[in-house]
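Have a look at the structure below, then the notes.
In the working numbering, the protein residues as written are 1381 to 1435.
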């Protein structure tokens, strides 16, 4: 599968031309990634804490 990198098209004033749906989807994806990373960090900290307190 090839990954195609496209530069964002810009309008006359330099604003990125992007549909509202794509922008919402990107924000949703970023929020999901952030939540996933936070949950992963909590799980790792929990595991480390458990291991250190129970020899």
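Heads up, the beta-carbon is just placed ideally off N, CA and C, and yes, glycines get one too.
Only a predicted model underlies this, so the values are computations on that prediction, with no experimental measurement involved.
Problem set entry | CA-to-CA distance, residue 1415 to residue 1404, given in whole angstroms | Straight through space, the alpha carbons of residue 1415 and residue 1404 are spaced by roughly 16 Å.
For this session: Specify the secondary structure class of residue 1399 as computed by DSSP and reduced to three states.
Result: Three-state DSSP puts residue 1399 in coil, outside helix and strand.
Problem set entry | residue 1433 (DSSP reduced to helix, strand or coil) | In the structure shown, residue 1433 sits in a helix (DSSP, three-state: H, G or I).
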